[in-house]
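As you go down the protein sequences, you meet chains A and B in turn. According to the working numbering, the first sequence holds residues 304 to 591 in order. According to the working numbering, the second sequence holds residues 18 to 305 in order. Using N, Cα and C, we set each Cβ at its ideal position, and we do this for glycine too. Note that the structure is a prediction, hence the values are computed from the model and not measured. One structure below.
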Amino acid sequence: MLVKKKGFDKALLGYRAYVLAFFVFLAAPLISAGTFAFNDSLFPALPWQGFTLSWFFGETEPKLGMFHDRRLLSGLYYSFIIAVMVSLLTVFIGTCNAFLFVRKDFPGKNIFYILMIVPLVIPGVILGISILVLASSLANGLENQYDFELELLRPGIFLVVVGQISFTTTITSLVIAAKLKKFDIAMEEAALNLGASTARVMRTVTLPFLRSAMIAAGIVAFLVSFENFNTTLFLVGSEAPLTITMFDRVHKVGSTPVLNAVSFFLMAGSGLLALLSILVQRDKSARN
Amino acid sequence: MQKDIKRLSLILLFAPFALWITLLILLPHVGMVILSLREKVAPRIYEYGFGNYIEFFNEPIYWNTLIRTGSMSLLVTVLALIIGFPIAYYIAKIAGPRMRGALFLLCLIPLWVSDLIRAFGWILLLRETGVVSGILQWTGIASGPIEMLYNDVTVIIGLVYTVILFMIVPLASTLDGMDNSMIEAGYNLGGRSVTVFRRIIIPYAMPGIASGCIIVFMLTAGSYLTPILLGGKNSSWFTEQIYDQFITRYNWESGAAFGMLLLAFTSIVVWLGLRLTGQTLANTVTKT
Numbered sequence: 304m305l306v307k308k309k310g311f312d313k314a315l316l317g318y319r320a321y322v323l324a325f326f327v328f329l330a331a332p333l334i335s336a337g338t339f340a341f342n343d344s345l346f347p348a349l350p351w352q353g354f355t356l357s358w359f360f361g362e363t364e365p366k367l368g369m370f371h372d373r374r375l376l377s378g379l380y381y382s383f384i385i386a387v388m389v390s391l392l393t394v395f396i397g398t399c400n401a402f403l404f405v406r407k408d409f410p411g412k413n414i415f416y417i418l419m420i421v422p423l424v425i426p427g428v429i430l431g432i433s434i435l436v437l438a439s440s441l442a443n444g445l446e447n448q449y450d451f452e453l454e455l456l457r458p459g460i461f462l463v464v465v466g467q468i469s470f471t472t473t474i475t476s477l478v479i480a481a482k483l484k485k486f487d488i489a490m491e492e493a494a495l496n497l498g499a500s501t502a503r504v505m506r507t508v509t510l511p512f513l514r515s516a517m518i519a520a521g522i523v524a525f526l527v528s529f530e531n532f533n534t535t536l537f538l539v540g541s542e543a544p545l546t547i548t549m550f551d552r553v554h555k556v557g558s559t560p561v562l563n564a565v566s567f568f569l570m571a572g573s574g575l576l577a578l579l580s581i582l583v584q585r586d587k588s589a590r591n
Numbered sequence: 018m019q020k021d022i023k024r025l026s027l028i029l030l031f032a033p034f035a036l037w038i039t040l041l042i043l044l045p046h047v048g049m050v051i052l053s054l055r056e057k058v059a060p061r062i063y064e065y066g067f068g069n070y071i072e073f074f075n076e077p078i079y080w081n082t083l084i085r086t087g088s089m090s091l092l093v094t095v096l097a098l099i100i101g102f103p104i105a106y107y108i109a110k111i112a113g114p115r116m117r118g119a120l121f122l123l124c125l126i127p128l129w130v131s132d133l134i135r136a137f138g139w140i141l142l143l144r145e146t147g148v149v150s151g152i153l154q155w156t157g158i159a160s161g162p163i164e165m166l167y168n169d170v171t172v173i174i175g176l177v178y179t180v181i182l183f184m185i186v187p188l189a190s191t192l193d194g195m196d197n198s199m200i201e202a203g204y205n206l207g208g209r210s211v212t213v214f215r216r217i218i219i220p221y222a223m224p225g226i227a228s229g230c231i232i233v234f235m236l237t238a239g240s241y242l243t244p245i246l247l248g249g250k251n252s253s254w255f256t257e258q259i260y261d262q263f264i265t266r267y268n269w270e271s272g273a274a275f276g277m278l279l280l281a282f283t284s285i286v287v288w289l290g291l292r293l294t295g296q297t298l299a300n301t302v303t304k305t
């Protein structure tokens, strides 16, 4: 124990109470968002009317459960598709970036490294509008010059994926680079000395070493994409991912406990994924 | 031969990075700058100039919103630091080794839950028919339902809640690296708690403080969901202004100008923060 002084016990007690209060503050909104999913009432509010699962599985109005709500389900589906694409692409680019910045030397490396980090400190709203502006002016240009309509550049799934990649790549690059820095280059040299080709060394020595960091980065990218709102808001077309669908309901219609059911489902899902990413990289260090 | 292969692999690794940064970050921002300098004088006829920016400064409601967003973000940053520092110190220095890991994980859990669900949880707690109002009536403290949403205090609480983890995590990891004997030495040399805190702990934690504050400020100034959902119509947050110009009024030119102003504003604050604390961007971001 640090800091042994008179009157310390009382102070420590107060300190502990403060920490406890903080964690209650941290948990309160999550608990309230999750618990009302099981309340047998049409409104997510007290009093407690008894336990029900109909906000998950209910088949008829007014208690239509999330698994029978067409718009929520399609939102979930689009979110999933987008998140998978974002996570695969960002892990690929992130791995290339890690090798580029850890292994290679080239002129202007420091400036390029700062460029790699900058997307994380640009507000998400700005990334969204800037990509929207560029894509739209390209699409308009093509239409006016060649009378050719490129649907891809209009708001929709493709632009959402592009927008999310723009900053998620920085995160995956940092996670994978941190792991690659710990790699002992002598292992590669040993394999090369034993006659393995460069490609084989990559496949059997280096990439297996990086695998845990790549999986963890992929999970982080998946979650970041799944819950992203600011960038997505400007790039979304008719195929709205879940956060957008949910926002519309919270904001405009007012809420029914089906939104609590979705919240509960998402919290449970991301909790499991987070646990998985921790288990994958047990040696803890790769996050920092 | 060997040299050619090296050069080829450098080019292959550089290509994804270059494509990502150029297509998704640099070009979109250049496009946005150009668009922000364009003014519509007649249908399909445009002129270039600073008209959109001049309009911003001529209309008090616009720059008031930016100043309001900036000052509230600053307040949120300070509050997050004051509330978060004792928690980070507790996690890093006072809790036992097993408790430490558990608390750290508890801190990270809300990080995996989207802003939307967190704001939704706050709405359920604080609105007129919400949990807190219900408890106050039940205990007899309040005689009727109380509406706690849609005011600045709630917006600030919600924002502090959303971003405080980004303050605690870098602080805790910085303090974790501090040798306990430094604090003990301070006491042994006769320093009082305040002196030890001010002369030893704070200077040591400075990199963590800088990185936490910068990220928190950036996230707050660029946030959209929390002010809109908890502040309602009165929130007047600058990102809402940008959304309004882009989506509601379809005035992309001035929307782009607003975006550039927000970007310039946050960049200046981040740069000042780095300058004042003597940190670099690379160190700051990799802390989180």
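Straight-line Cα distance separating residue j from residue i
i	j	result
Leu-536/A	Ser-580/A	28 Å
Leu-497/A	Glu-452/A	56 Å
Leu-142/B	Met-195/B	39 Å
Tyr-241/B	Thr-86/B	11 Å
Glu-492/A	Ala-222/B	40 Å
Gly-157/B	Val-583/A	51 Å
Asp-193/B	Asn-413/A	28 Å
Asp-132/B	Gln-258/B	20 Å
Ala-589/A	Leu-513/A	Residue placement at Ala-589/A cannot be trusted, given a pLDDT of 43 that sits under 50; the coordinates are not used to answer.
Tyr-204/B	Val-213/B	7 Å
Arg-209/B	Ser-198/B	15 Å
Leu-291/B	Ser-500/A	45 Å
Tyr-178/B	Leu-329/A	7 Å
Ala-571/A	Pro-511/A	30 Å
Leu-83/B	Trp-351/A	43 Å
Asn-563/A	Ala-348/A	11 Å
Ala-577/A	Leu-246/B	27 Å
Beta-carbon proximity list for residue i, same chain, < 6 Å, skipping 5 on both sides
i	result
Phe-532/A	Thr-546
Thr-398/A	Ile-479
Ala-159/B	Leu-153
Ser-53/B	Asn-69, Ala-273, Ala-274, Met-277
Cβ shell of residue i (< 7 Å), same chain only, five flanking positions each side left out
i	result
Leu-601/A	No answer is possible for residue 601/A: the residues shown for chain A start at 304 and end at 591.
Met-184/B	Ala-97, Leu-98, Gly-101, Gly-229, Val-233
Val-527/A	Thr-471, Ile-474
Val-504/A	Glu-491, Ala-494, Leu-495
Chain A residues whose Cβ lies nearer than 8 Å to that of residue i
i	result
Ala-299/B	Tyr-416, Ile-417, Ile-420
Val-256/B	According to the sequence shown, residue 256/B is Thr rather than Val. Neighbours of Thr-256/B on chain A, chain order: Pro-426, Val-428, Asn-533.
Tyr-359/B	An answer regarding residue 359/B cannot be provided, because it is not within the stretch 18 to 305 covered by chain B.
Arg-135/B	Pro-332, Leu-333, Ala-336
Gly-276/B	Val-428, Ile-429, Ile-432, Ser-433
Leu-192/B	Residues of chain A passing the Cβ test: none, with the nearest at roughly 11 Å.
Listed by chain order, chain B residues near residue i by CB distance under 7 Å
i	result
Lys-407/A	Leu-27, Leu-30
Per-residue contacts from residue i into chain B (C-beta, under 8 Å)
i	result
His-554/A	Ile-245, Leu-246
Val-327/A	Residues of chain B passing the Cβ test: none, with the nearest at roughly 11 Å.
Ala-331/A	Gly-138, Leu-142
Gly-396/A	Checking the displayed sequence, the identity of residue 396/A turns out to be Ile instead of Gly. The contacting residues are Pro-33, Phe-34, Trp-37.
Given residue i as reference, the closest of the options once Cα atoms are compared
i	options	result
Gly-239/B	Tyr-204/B, Thr-283/B, Lys-250/B	Thr-283/B
Arg-117/B	Val-186/B, Leu-247/B, Ile-134/B, Gln-262/B	Val-186/B
Thr-296/B	Leu-41/B, Ile-181/B, Pro-220/B, Leu-279/B	According to the sequence as given, residue 296/B is Gln; it is not Thr. Of the listed residues, the one whose Cα sits closest to Gln-296/B is Pro-220/B.
Val-553/A	Thr-146/B, Ile-134/B, Leu-289/B	Ile-134/B
Phe-326/A	Leu-278/B, Leu-41/B, Pro-103/B, Asp-132/B	Pro-103/B
Thr-39/B	Leu-418/A, Gln-467/A, Leu-445/A	Leu-418/A
Val-389/A	Phe-461/A, Pro-511/A, Ala-571/A	Phe-461/A
Leu-166/B	Asn-268/B, Gly-225/B, Val-149/B	Val-149/B
Pro-127/B	Ala-519/A, Ile-518/A, Ile-334/A	Ile-334/A
Pro-332/A	Leu-54/B, Arg-144/B, Lys-110/B, Thr-265/B	Arg-144/B
Leu-27/B	Pro-410/A, Phe-328/A, Ala-340/A, Ala-524/A	Pro-410/A
Lys-250/B	Phe-31/B, Ala-59/B, Thr-191/B, Val-172/B	Val-172/B
Phe-486/A	Asp-551/A, Ile-396/A, Phe-567/A, Phe-402/A	Phe-402/A
Thr-509/A	Thr-355/A, Phe-341/A, Lys-482/A	Lys-482/A
Thr-534/A	Ile-425/A, Met-490/A, Leu-376/A, Ser-541/A	Ile-425/A
Proximity below 9 Å, CB of residue i to CB of residue j
i	j	result
Leu-359/A	Phe-370/A	It is Phe, not Leu, that sits at residue 359/A in the sequence shown. Taking 9 Å as the Cβ cut-off, Phe-359/A and Phe-370/A qualify as a contacting pair.
Leu-188/B	Val-93/B	no
Glu-270/B	Asn-69/B	yes
Val-421/A	Met-49/B	no
Ser-344/A	Asn-400/A	no
Neighbouring residues, chain A, relative to residue i (Cβ below 7 Å)
i	result
Val-148/B	Ser-335, Leu-349
Near the ligand SAH: residue i beta-carbon under 8 Å from a heavy atom
i	result
Val-211/B	By its list of ligands, the structure shown contains no ligand whatsoever, and the ligand SAH lies outside what it can speak to.
Partners in chain A for residue i, counting only beta-carbon separations shorter than 9 Å
i	result
Gly-239/B	Ile-425, Pro-426, Gly-427, Val-428, Ile-429, Asn-533
Trp-129/B	Leu-526, Glu-530, Met-570, Ser-573, Gly-574, Leu-576, Ala-577
Under 9 Å from the C-beta of residue i: neighbouring residues of chain B
i	result
Leu-403/A	Leu-27, Leu-30, Phe-31, Pro-33, Phe-34
- prompt: What residues in the stretch 462-481 of chain A have a beta carbon less than 7 Å from any beta carbon of chain E?
  reply: The structure shown contains no chain E; its protein chains are A and B.
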